[in-house]
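Trainee: Taken in order, these protein sequences are the chains called A and B. Going by the numbering used here, the first sequence runs without a break in its numbering and finishes at 1741. Going by the numbering used here, the second sequence runs without a break in its numbering and finishes at 1741. My structure is below; once you've seen it, I'll send some questions.
Number of protein chains: 2
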Amino acid sequence: MELILDERKRQILQAIIDDYISTAEPVGSRTIARKYDLGISPATVRNEMADLELLGYLEQPHTSSGRIPSVKGYRFYVDCLLAPPQISDRDIAIIDNWYHTKARRIEEVFQETVKILSRMTRNVSMVLAPQVSQQCTFKYIQFLPLDERRSIVVIVTDTGLIENKIIAIPEGLSHEDLGRVANAINSHLGGLAIDRITTPVLKDIQNDILPDPQVYERAITLLRQVLTVDKNEKVYLGGTTQMLNQPEFRDVDKIKGLLTMLEEDRLLCDILHMSNSDGVIVTIGQENKYSGIHDCSVVQATYRIDGQVVGTVAVLGPTRMEYGKTMSVLKFMQRHLGEILKQYKVL
Amino acid sequence: MELILDERKRQILQAIIDDYISTAEPVGSRTIARKYDLGISPATVRNEMADLELLGYLEQPHTSSGRIPSVKGYRFYVDCLLAPPQISDRDIAIIDNWYHTKARRIEEVFQETVKILSRMTRNVSMVLAPQVSQQCTFKYIQFLPLDERRSIVVIVTDTGLIENKIIAIPEGLSHEDLGRVANAINSHLGGLAIDRITTPVLKDIQNDILPDPQVYERAITLLRQVLTVDKNEKVYLGGTTQMLNQPEFRDVDKIKGLLTMLEEDRLLCDILHMSNSDGVIVTIGQENKYSGIHDCSVVQATYRIDGQVVGTVAVLGPTRMEYGKTMSVLKFMQRHLGEILKQYKVL
DNA sequence: TGTTAGCACTCACATCAGTCGAGTGCTAAT
DNA sequence: ATTAGCACTCGACTGATGTGAGTGCTAACA
Chain A
1395 MELILDERKR QILQAIIDDY ISTAEPVGSR TIARKYDLGI SPATVRNEMA DLELLGYLEQ
1455 PHTSSGRIPS VKGYRFYVDC LLAPPQISDR DIAIIDNWYH TKARRIEEVF QETVKILSRM
1515 TRNVSMVLAP QVSQQCTFKY IQFLPLDERR SIVVIVTDTG LIENKIIAIP EGLSHEDLGR
1575 VANAINSHLG GLAIDRITTP VLKDIQNDIL PDPQVYERAI TLLRQVLTVD KNEKVYLGGT
1635 TQMLNQPEFR DVDKIKGLLT MLEEDRLLCD ILHMSNSDGV IVTIGQENKY SGIHDCSVVQ
1695 ATYRIDGQVV GTVAVLGPTR MEYGKTMSVL KFMQRHLGEI LKQYKVL
Chain B
1395 MELILDERKR QILQAIIDDY ISTAEPVGSR TIARKYDLGI SPATVRNEMA DLELLGYLEQ
1455 PHTSSGRIPS VKGYRFYVDC LLAPPQISDR DIAIIDNWYH TKARRIEEVF QETVKILSRM
1515 TRNVSMVLAP QVSQQCTFKY IQFLPLDERR SIVVIVTDTG LIENKIIAIP EGLSHEDLGR
1575 VANAINSHLG GLAIDRITTP VLKDIQNDIL PDPQVYERAI TLLRQVLTVD KNEKVYLGGT
1635 TQMLNQPEFR DVDKIKGLLT MLEEDRLLCD ILHMSNSDGV IVTIGQENKY SGIHDCSVVQ
1695 ATYRIDGQVV GTVAVLGPTR MEYGKTMSVL KFMQRHLGEI LKQYKVL
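See the structure below:
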């Protein structure tokens, strides 16, 4: 890769991409020479453009049309031309202001976050929420009586993320039995990281505490059921209507394809793979794994609670997106969300 | 209103609407005479059509184009021409099959329901879930300790619908204090219908049980906060992508308008007003309160738990929708959902 | 008197040629 | 090395034309 484009080529490339991002129209040499005063004539720009196209940074939709950036062009733009993402104080103020709607429940925080992200970036946004099975620790399990035959299992972790589920009480167990089971489990598992609760550990409890195998067996099945059910990742999605404003989605079939895709949580989770890096990751156009978003880019960043990566915030938009703005917002959000969530964790 | 259309006019009107519903194209006299063998010639049909248009049942997009039903036409179709909605055994089997994914948690039931509704009707569907404040009765409140400064309030009702919320423990209250508050509240409110928990009742507790006004004041604030916060109705929405398949939504701006509207929960709640009737209510085109859905129809039915209306199931689609099918599915669902939810209520 | 065949008429829609203009590549002059 | 000039390309727009589905009306018919 000849990343050593001379200064003028860089300037022209940047100007072209900037212009294309804001207008969504192929950019001509005249526009560049006029709008961005680089002190050169359209003809010169044309020559440079021809070079840039030859090098693969630009494309021409049809002969005698302006140029648009190629994936390689965007890549170079994002990696080399863009100033390091820096969010403005004004944006921070806006975000803070939006967050000020009361968000006591943890899901509300995520819901609010996707809303803010899409409003700021005018694109679709996603947040992968921390899974229970992540780093948080088990605090206790409790059975709340509901009636003779049913009970509510509540699992409380140190992040305050509680999971509850109505269960039918197995034949032959009383509420008191459940209480004893809970005690046994709690004394053994209290303070343990959720993902350490494995079959051998559970076996331990069986041997130690509860001699009655029948009661135990059933209780553990319940616990496991609750834990495994809650393992599926939760993705929050927002701002899908934003995308209808983008000229690249004037086509109903395109919209349909994308919306249908976004309905599949499994796919979204897969897109939002958590890297361990702290940076903002940009995946442009065909770099994406799924062909459904080959004309989209994904900008994502992981966020941490107490140094541990627990989830991802991301924005999805057309390849022609405001990378600078998006990256800066996400960079801010990764820190901000982590801080907010920390309040939900034990201090 | 001259509802006394003669038999042939009825047949023709029905044929036209049926045809328009399935093709989305203005219907011509030739089509009617050919496809639906009423034993009359196109010319006769034309005469009848002219009459029907004069009476307001049909419209003509432009001279020399086929006819399309007017709102009045649809109204007559729904009220007088349609056979009473009857779901087929095959559809019941399909629905049953779809429901068989495990749905232990109550929200999953609703989520599943909107999915099924939109798949069956190929339209957007909505379910207004029972509010806590509906007819169900308060069972108990409980404070689960989270850490020194925070606690989880859990409110359990007889429908098993529990609400939980993390709260900061007010300065000066211990977990034991909270426990006592809970006991006091429970002994007073246990078994009471949620909507009977009013300010005077809460005052009662204050006077009777808790002489310490400071502790009480704070605790009640919490309770009220939880109760009022949970008062906002919960609407489940599904199948928005379905609408992209409808030819009337080939236009991106229309889609945008509708999708934006559907994002507003408040509006949806308002659309799904709960009548007390047991029937299926159809609101056609401009009969709708909101101009955003003036070219849509809403078909809705309330569902009951133990005889009490608790929520609404609804389908939203273009005025040109399969009313018969939609109504039959909803009619089935109103009963079915009630039954499913009954399992979540005390027996 | 109700029904129907025939016919002129309407109008959306598709097609096609012509024009326009933004933009290019190339060449020659600076 | 840069730029002015020029011929060329090609998408987008415009207006004319043809087509066909459909109508309304009138006159003939059972």
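Backbone N, C-alpha and C define an ideal beta-carbon position, used for all residues, glycine too.
Is any beta-carbon of chain A found at less than 7 angstroms from that of VAL1674(B)?
Mentor: Against the second sequence, residue 1674(B) aligns to sequence position 280. So no, VAL1674(B) is outside the interface.
Trainee: Who are the near neighbours of LEU1710(B) in its chain, counting only those whose CB is closer than 6 angstroms to its CB and skipping five residues on each side?
Mentor: Along the second sequence, one-based indexing puts residue 1710(B) at 316. Cβ within range, chain order: VAL1518, CYS1690, VAL1692.
Trainee: Could you tell me which of ALA1576(B), ARG1714(B), MET1514(B) sits nearest to ASN1491(B), measuring between CA atoms?
Mentor: Here residue 1491(B) corresponds to residue number 97 of the second sequence, with the count starting at 1. Of the listed residues, the one whose Cα sits closest to ASN1491(B) is MET1514(B).
Trainee: Can you check whether the CB of MET1655(A) is closer than 7 angstroms to the CB of THR1706(A)?
Mentor: The sequence position of residue 1706(A) within the first sequence is 312, counting from 1. The sequence position of residue 1655(A) within the first sequence is 261, counting from 1. Not closer than 7 angstroms, so no.
Trainee: Does LEU1731(A) come out as helix, strand or coil in the three-state DSSP assignment?
Mentor: Position 337 of the first sequence holds residue 1731(A). Helix at LEU1731(A).
Trainee: Please name the residue, chosen from LEU1652(B), GLU1642(B), GLU1627(B), that lies closest to ASP1664(B) on a Cα-to-Cα basis.
Mentor: Counted from its first residue, the second sequence places residue 1664(B) at position 270. The candidate whose alpha carbon is nearest that of ASP1664(B) is GLU1627(B).
Trainee: Check whether chain A comes within 7 angstroms of LYS1650(B), counting only Cβ atoms and requiring the distance to be less than that.
Mentor: Along the second sequence, read from residue 1 onward, the residue named residue 1650(B) stands at position 256. Chain A, which has a Cβ nearer than 7 angstroms to the Cβ of LYS1650(B), makes this yes.
Trainee: Between the C-alpha atoms of LEU1511(B) and LEU1476(B), what's the straight-line distance to the nearest angstrom?
Mentor: Mapped onto the second sequence, residue 1511(B) falls at position 117. Mapped onto the second sequence, residue 1476(B) falls at position 82. Taking the straight line from one Cα to the other gives about 20 angstroms.
Trainee: The alpha helix (DSSP H) spanning ILE1398(A) covers which residue range?
Mentor: The residue given as residue 1398(A) occupies position 4 in the first sequence. DSSP places ILE1398(A) outside any alpha helix (DSSP H), giving it a letter other than H or E.
Trainee: Please list the partners that THR1635(A) has in chain B, where partner means a Cβ-to-Cβ separation under 7 angstroms.
Mentor: Along the first sequence, read from residue 1 onward, the residue named residue 1635(A) stands at position 241. Under the 7 angstroms cutoff, chain B gives LYS1650, LEU1653, THR1654, GLU1657.
Trainee: Please check if any C-beta of chain A sits within less than 7 angstroms of the C-beta of ARG1484(B).
Mentor: Position 90 of the second sequence holds residue 1484(B). It does not: the Cβ of ARG1484(B) has no partner Cβ on chain A nearer than 7 angstroms.
Trainee: What is the rounded straight-line gap between the Cα of ARG1644(B) and the Cα of PRO1478(A)?
Mentor: For this step, residue 1644(B) is matched to residue 250 along the second sequence. For this step, residue 1478(A) is matched to residue 84 along the first sequence. It is roughly 41 angstroms from the alpha-carbon of ARG1644(B) to the alpha-carbon of PRO1478(A).
Trainee: I want to verify the contact list: residues of chain A whose CB lies under 9 angstroms from the CB of LEU1638(B), in sequence order.
Mentor: Looking up residue 1638(B) in the second sequence gives position 244. The contacting residues are VAL1646, ASP1647, ILE1649, LYS1650, LEU1653, THR1654.
Trainee: Do you know how far the Cα of ILE1462(A) is from the Cα of ARG1469(B)?
Mentor: Taking the second sequence and counting its residues from 1, one reaches residue 1469(B) at position 75. Taking the first sequence and counting its residues from 1, one reaches residue 1462(A) at position 68. About 53 angstroms.
Trainee: Is ALA1578(B) helix, strand or coil by DSSP?
Mentor: Here residue 1578(B) refers to the residue found at position 184 of the second sequence. Reduced to three states, the DSSP call for ALA1578(B) is helix.
Trainee: May I ask which residues mark the beginning and end of the beta strand (DSSP E) holding GLY1711(B)?
Mentor: Numbered from 1 along the second sequence, position 317 holds the residue referred to as residue 1711(B). Where GLY1711(B) is concerned, the enclosing beta strand (DSSP E) stretches over 1702-1712.
Trainee: From the DSSP output, which residues share a beta bridge with GLU1557(A)?
Mentor: As a first step, residue 1557(A) is located in the first sequence; it is residue number 163 there, counting from the start. Paired residues: ILE1549(A).
Trainee: Going by DSSP, name the residue or residues bridged to CYS1690(B).
Mentor: Residue numbering aside, residue 1690(B) sits at position 296 when the second sequence is read from its first letter. In DSSP, CYS1690(B) forms a bridge with PRO1712(B).
Trainee: Taking three-plus beta-carbon pairs below 8 angstroms as touching, is the segment 1432-1446 of chain B in contact with the segment 1724-1734 of chain A?
Mentor: no
Trainee: Under 8 angstroms: do the segment 1692-1701 of chain B and the segment 1668-1678 of chain B share three or more Cβ pairs, one atom per stretch?
Mentor: yes
Trainee: Do VAL1547(B) and the ligand SAH come close, with the Cβ less than 6 angstroms from some heavy atom?
Mentor: Absence of the ligand SAH from the depicted structure is noted, as is the absence of any ligand whatsoever, leaving it without description.
Trainee: For a contact defined as C-beta to C-beta under 9 angstroms, what are the partners of LEU1735(B) on chain A?
Mentor: On the second sequence, residue 1735(B) is found 341 positions in, with the first residue counted as 1. None at all; the shortest Cβ gap to chain A is about 12 angstroms.
Trainee: Please report the distance separating the alpha-carbon of GLU1442(B) from that of GLU1716(B).
Mentor: As a working mapping, residue 1442(B) is identified with position 48 in the second sequence. As a working mapping, residue 1716(B) is identified with position 322 in the second sequence. Taking the straight line from one Cα to the other gives about 24 angstroms.
Trainee: Just verifying my parser: in three-state terms, what is the DSSP assignment at LYS1533(A)?
Mentor: Residue numbering aside, residue 1533(A) sits at position 139 when the first sequence is read from its first letter. When secondary structure is reduced to three states using DSSP, LYS1533(A) falls in the strand class.
Trainee: With DSSP as the reference, label GLU1658(B) as helix, strand or coil.
Mentor: Here residue 1658(B) corresponds to residue number 264 of the second sequence, with the count starting at 1. The answer is coil: DSSP assigns GLU1658(B) none of H, G, I, E or B.
Trainee: Count Cβ pairs between the segment 1579-1591 of chain A and the segment 1561-1570 of chain A that sit closer than 8 angstroms; are there 3 or more?
Mentor: no
Trainee: Between the segment 1539-1567 of chain A and chain B, which residues of the former have CB atoms less than 8 angstroms from a CB of the latter, in chain order?
Mentor: LEU1540, ASP1541, ARG1543, ARG1544, ILE1546, VAL1548, VAL1550, ASP1552, GLY1554, ILE1556, ASN1558, LYS1559, ILE1560, ILE1561
Trainee: Per DSSP, PRO1594(A) is paired with what?
Mentor: Position 200 of the first sequence holds residue 1594(A). According to DSSP, PRO1594(A) bridges with nothing at all.
Trainee: Give a yes or no on whether the C-beta atoms belonging to THR1713(B) and ILE1678(B) are separated by under 7 angstroms.
Mentor: Your numbering for residue 1713(B) matches position 319 in the second sequence. Your numbering for residue 1678(B) matches position 284 in the second sequence. A contact, by the Cβ cut-off of 7 angstroms.
Trainee: Return the CA-CA distance between GLY1704(B) and GLN1728(B), expressed in angstroms with no decimal places.
Mentor: Position 310 of the second sequence, counted from the start, is the residue given in the question as residue 1704(B). Position 334 of the second sequence, counted from the start, is the residue given in the question as residue 1728(B). The question names Gly, yet the displayed sequence has Val at residue 1704(B). About 11 angstroms.
Trainee: When burial is assigned at 16 or more other CB atoms within 10 Å of the CB, is ASN1639(B) buried or exposed?
Mentor: Position 245 of the second sequence, counted from the first residue, corresponds to residue 1639(B). By the neighbour-count rule (16 or more Cβ atoms within 10 Å), ASN1639(B) is not buried but exposed.
Trainee: Which residue marks the beginning of the alpha helix (DSSP H) containing ILE1426(B), and which one marks its end?
Mentor: As a working note, residue 1426(B) is residue 32 in the second sequence. Start and end: 1423-1429.
Trainee: Under a Cβ-count criterion, where at least 16 other Cβ atoms within 10 Å of its own Cβ denotes burial, should SER1423(B) be classed as buried or exposed?
Mentor: As a first step, residue 1423(B) must be located in the second sequence, where it is residue number 29. Flag for SER1423(B) reads buried.
Trainee: So, for SER1459(A): in the same chain, excluding its five sequence neighbours on each side, which residues have a beta-carbon less than 6 angstroms away from its beta-carbon?
Mentor: Counting from 1 along the first sequence, the entry for residue 1459(A) is found at position 65. Result list for SER1459(A): PRO1420, in chain order.
Trainee: Pick from LYS1559(A), LEU1586(A), TYR1630(A): whose alpha carbon is nearest that of ALA1501(A)?
Mentor: As a first step, residue 1501(A) must be located in the first sequence, where it is residue number 107. The identity of residue 1501(A) in the sequence shown is Glu, whereas the question assumes Ala. It is TYR1630(A).
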